[in-house]
Every structure is written in structure tokens, then in C-alpha cells.
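Heads up: the structure comes next, in C-alpha cells.
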Amino acid sequence: MFERFLRLKVIVPVLAAMTAISIAAYVGFGLTGLVVMITCWQLMLFGVVAMVARGQRLLLRDNREQLKRANRQLADRATAEAARHDELLQRLIGLSREVAAERRQRTEEHRETQAWRKGAGAQLKALEDKYATSSELRELVEKHSEKMTSQVAVTGRKQYAKVDALSALYYGLRPPKPFPTLAGWAASPDLLRYLFNLVHDERRSSVIECGSGVTTLVMAYAMRELGGGKVIALEHLAEFAEQTRGLLEEHGVSEWAEVYHAPLTDVKIDGQSWQWYDLTRIPESEYDLLVVDGPPATVGENARFPAVPMLQDRLNVDAVVVLDDHERREERAIGKRWREQLSGWRPRYPKHDKGTLELRSPEAEARRL
Numbered sequence: 007m008f009e010r011f012l013r014l015k016v017i018v019p020v021l022a023a024m025t026a027i028s029i030a031a032y033v034g035f036g037l038t039g040l041v042v043m044i045t046c047w048q049l050m051l052f053g054v055v056a057m058v059a060r061g062q063r064l065l066l067r068d069n070r071e072q073l074k075r076a077n078r079q080l081a082d083r084a085t086a087e088a089a090r091h092d093e094l095l096q097r098l099i100g101l102s103r104e105v106a107a108e109r110r111q112r113t114e115e116h117r118e119t120q121a122w123r124k125g126a127g128a129q130l131k132a133l134e135d136k137y138a139t140s141s142e143l144r145e146l147v148e149k150h151s152e153k154m155t156s157q158v159a160v161t162g163r164k165q166y167a168k169v170d171a172l173s174a175l176y177y178g179l180r181p182p183k184p185f186p187t188l189a190g191w192a193a194s195p196d197l198l199r200y201l202f203n204l205v206h207d208e209r210r211s212s213v214i215e216c217g218s219g220v221t222t223l224v225m226a227y228a229m230r231e232l233g234g235g236k237v238i239a240l241e242h243l244a245e246f247a248e249q250t251r252g253l254l255e256e257h258g259v260s261e262w263a264e265v266y267h268a269p270l271t272d273v274k275i276d277g278q279s280w281q282w283y284d285l286t287r288i289p290e291s292e293y294d295l296l297v298v299d300g301p302p303a304t305v306g307e308n309a310r311f312p313a314v315p316m317l318q319d320r321l322n323v324d325a326v327v328v329l330d331d332h333e334r335r336e337e338r339a340i341g342k343r344w345r346e347q348l349s350g351w352r353p354r355y356p357k358h359d360k361g362t363l364e365l366r367s368p369e370a371e372a373r374r375l
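The structure is reproduced here in C-alpha cells:
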């Protein structure tokens with residue numbers, strides 16, 4: 007562009023002017039004038055060459071700057087792509103670990119089943135040797151075979167339900183990081199899926215939870231999907247409360263849940279003393295869902311019983327109460343006392359891995375229907 011400008015705007019008019027002056031000098035001064043004009047022509051050409059050289063230098067400098075900018079952009083893009091690749095790799099590693107943990111658990115359960123079958127087979131063989139012709143032996147063999155077949159089928163259905171629930175959660179939520187290992191004391195995948203659907207589908211935007219963990223995380227995801235609401239979680243140990251807060255932060259849903267450190271304190275219910283959460287640590291509010299997964303059984307017998315007596319006045323008329331671990335003896339006893347206390351509330355028993363009790367007020371039952 008510079009050369010074109012120079013040629014059109016400078017060189018052409020100058021050449022025209024010099025040509026006219028040369029003719030005039032030759033006519034007016036003869037050979038002397040012509041020599042002078044030739045010298046001027048040479049000087050002018052030197053100037054033009056210098057201008058062109060300067061233009062080339064400027065053009066080269068501009069090209070170098072553009073090349074540097076392009077290199078910086080490419081480097082930034084490469085850095086971003088590398089970071090994205092690392093993030094995807096970490097997610098894949100996390101999912102792989104989750105699958106590996108699940109596989110190890112299934113393998114251990116299979117080994118236990120095989121060991122049980124082997125032991126049962128040895129017992130049956132001993133009985134068969136002793137009572138080879140006994141009709142009672144045949145009945146015993148058939149009974150044990152049916153029992154073993156039934157147990158294997160139940161175990162298989164439970165494992166399939168857990169894997170299916172976990173897959174549905176990952177597919178629906180697409181979390182930026184894998185969930186913590188769902189084994190031991192952690193909630194089972196089928197309970198997590200149930201809680202997410204309960205909050206999301208029935209639009210339960212005010213939840214109080216006794217205990218905290220992955221259940222808090224999943225219900226916070228449901229709140230985010232709804233676009234409003236909050237989970238209030240009570241945790242009697244500060245380290246567990248901080249751990250759940252970190253989990254919410256990692257998944258980017260801390261806006262939808264708040265974990266309160268509420269140490270256990272003495273409370274009186276019908277003249278009996280209990281160790282339960284200090285409710286002065288949380289704000290006064292009304293809730294449409296109560297989830298009970300704490301305190302742990304190590305606190306004392308029927309440690310989770312105070313949840314309904316202590317929080318009943320804070321529940322909305324269409325509230326729902328959910329108790330985890332209902333397969334355990336103490337939780338079944340707690341559920342029985344709650345059903346007596348919450349007269350008219352309808353119980354349901356979702357078939358989850360560790361057992362679940364759901365209590366619905368008449369208004370909540372009408373809302374579900």
C-alpha cells in the first residue's frame with residue numbers, strides 16, 4: 007500500500023514536473039541547463055530510493071508485529087486447549103476410579119456369595135452323605151437352592167438399581183467433578199436419585215437436612231435446576247461441615263446449600279433427655295422437606311428420633327419427611343414412633359439399598375397426586 011501511495015501521490019507528479027522543467031531548462035539554457043537538470047534528476051532518484059527503502063522497513067516492522075501477535079494468540083489458544091484437555095482427563099480419571107471402586111465392591115460381594123455357596127454346598131454334601139436316601143434331605147436341598155437363587159437374584163437387582171441410578175445422576179447433572187465414593191456410610195445412588203427427583207419434580211425449595219454429605223450436594227443441584235431455594239444442612243462435627251462445604255464449592259453449587267456447624271446439646275422431649283443438634287445455630291424458617299440421615303448411631307440409641315419432635319413446628323402443611331437407613335432396627339423403631347406422632351401422614355417405603363421411610367402429610371399426598 008505504501009509503494010502504491012508513493013508511486014501515485016509522489017513519484018508521478020514529481021516525474022511530470024521534472025520532465026517539464028528539463029525541457030524548459032534545455033530550451034532556456036541549452037546544454038548547461040540540461041546538465042544541471044540531470045544532476046537534479048539523480049538527486050531526486052536517490053531520494054525516491056531512500057523513501058522506498060524506508061517504506062519497506064516500515065512494512066517489515068508491521069509484519070513482524072503482526073507475526074508476534076499471531077504467535078501470542080496461538081500460544082494462548084494452545085494453553086487453553088491444554089487446560090481443557092487436563093480437565094477432561096481428570097474427569098475421566100475420576101469416573102474410572104468410581105467405576106473401579108464399584109467393580110471392586112461387586113467382586114467382593116461375588117466372592118462372599120461364592121464362599122457362601124461353597125459352604126452351603128459342603129454342608130449339603132455332608133448331609134447327603136449322611137442321609138442319602140432321606141426325603142427330608144431332598145426337601146432341605148430344594149429349600150437351600152431356592153433360598154440361594156433368591157438371594158443371588160435380589161443382590162443382582164440391587165446392584166443394577168444402584169448402577170442405573172448413578173448413571174442417571176451423572177448423565178442428568180453432568181457434574182464438573184466425580185462424586186465421592188458412594189460406599190460405607192455414604193448415601194446409596196438410588197437414594198440420591200430419589201432425593202433429586204423429590205426436590206426437583208415437586209419443587210421443594212426449602213429443605214432441612216440432619217447430617218450432610220453427597221445428599222446435600224445432589225439436592226443443591228436440584229435447587230440450581232429449579233432456579234431457587236436452599237438446603238439447610240446440620241452437622242455436629244466441624245470437620246465434616248467444612249468437608250461438605252468444600253464439596254459444594256468444588257461442584258459450584260454452594261449458592262444453593264448452606265452447612266451449619268450445630269454441635270450436639272441436651273434437649274428434653276416428653277421428659278426424656280436426648281443429644282441433638284443445637285437449633286439456635288440456624289435461622290428461624292419453615293421447611294417443606296425434612297431429610298434425616300444423622301446424627302450417627304454412635305451418639306446413642308435411637309439418636310435420630312428427636313428430628314420430628316424438634317422440627318415438626320417448622321414444617322409446612324404439605325411437608326414430607328424422609329428417613330434413611332430404614333432397614334436398621336433402630337430406624338424402624340424411630341419410624342414407628344414418628345407414624346404415631348404424625349397422625350394422618352401416609353407412609354411409603356421406597357425400595358432403596360439401605361431402606362427408606364417417606365412420610366407425607368395429607369396435603370403433600372394431594373400435591374403429589
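Counting in our numbering, the sequence shown runs from 7 upward without gaps.
From the three backbone atoms N, C-alpha and C, an ideal C-beta is built for every residue, glycine too.
Computed from a predicted structure; not experimentally measured.
Please determine, among the options, the residue with the shortest C-alpha to C-alpha distance to residue i.
| i | options | result |
| --- | --- | --- |
| Arg287 | Thr271, Asp276, Ser279 | Thr271 |
| Glu208 | Gln120, Arg310, Met225 | Met225 |
| Val259 | Arg210, Lys357, Gly233 | Gly233 |
| Val326 | Ser279, Gly277, Gln318 | Gln318 |
| Gly277 | His116, Pro312, Tyr293, Leu65 | Pro312 |
| Glu290 | Met316, Arg310, Phe246 | Met316 |
| Ala339 | Glu118, Ala309, Lys360 | Ala309 |
| Tyr283 | Gly252, Arg352, Ile238, His332 | Ile238 |
| Arg334 | Arg352, Trp344, Lys360, Ile44 | Lys360 |
Evaluate residue i with the Cβ neighbour count: other Cβ atoms within 10 Å of its Cβ, from every protein chain shown; 16 or more gives buried, anything less gives exposed.
| i | result |
| --- | --- |
| Trp122 | exposed |
| Pro368 | exposed |
| Ala370 | buried |
| Phe11 | In this prediction, Phe11 scores a pLDDT of 47, lower than 50, which makes its location untrustworthy; the coordinate-derived value is nonetheless stated afterwards. Looking at its Cβ environment, which holds fewer than 16 other Cβ atoms inside 10 Å, Phe11 is exposed. |
| Thr362 | buried |
| Asp68 | exposed |
| Pro269 | exposed |
| Arg366 | buried |
| Gly235 | buried |
| Ala159 | Below a pLDDT of 50, predicted positions are generally treated as unreliable, and Ala159, at 48, falls in that range; no measurement from the model is reported. |
| Phe52 | exposed |
| His384 | The requested residue 384 is not part of the displayed model; the chain covers only 7 to 375. |
| Leu64 | exposed |
| Gly341 | buried |
| Val213 | buried |
| Leu73 | exposed |
| Val95 | It should be noted that the sequence gives Leu, not Val, for residue 95. Flag for Leu95 reads exposed. |
| Leu254 | buried |
| Trp191 | With a pLDDT of 49 at Trp191, under the threshold of 50, the modelled position of this residue cannot be trusted; read the value that follows with caution. Burial call: exposed. |
Determine the contact status of residue i and residue j, defining contact as a CB-CB distance below 8 Å.
| i | j | result |
| --- | --- | --- |
| Glu215 | Thr222 | yes |
| Val314 | Leu348 | yes |
| Glu307 | Glu346 | no |
| Val220 | Ala193 | yes |
| Glu364 | Val328 | yes |
| Ser218 | Met229 | no |
| Glu241 | Thr250 | yes |
| Tyr227 | His358 | no |
| Leu204 | Leu321 | no |
| Asp324 | Arg373 | yes |
| Trp330 | Leu197 | The sequence given here has Asp at residue 330, not Trp. It is a contact, given that the beta carbons lie within the stated cut-off. |
Quick one: grab the DSSP three-state call for residue i.
| i | result |
| --- | --- |
| Val259 | coil |
| Ala325 | strand |
| Arg366 | strand |
| Ile288 | coil |
| Leu201 | helix |
| Lys74 | helix |
| Tyr355 | coil |
| Glu264 | strand |
| Leu243 | coil |
| Asp294 | strand |
| Asp68 | helix |
| Lys360 | coil |
| Leu348 | coil |
| Glu333 | coil |
| Asp319 | helix |
| Asp272 | strand |
| Glu215 | strand |
Could you tell me if the beta carbon of residue i falls within a distance shorter than 7 Å of some heavy atom in the ligand SAM?
| i | result |
| --- | --- |
| Leu66 | In the structure on display, the ligand SAM does not appear, and there are no ligands present to speak of. |
Give a yes or no on contact between the region 257-264 and the region 291-311, applying the rule of three or more CB pairs nearer than 8 Å.
-> Judged by Cβ distances under 8 Å, the region 257-264 makes no contact with the region 291-311, as fewer than three pairs qualify.
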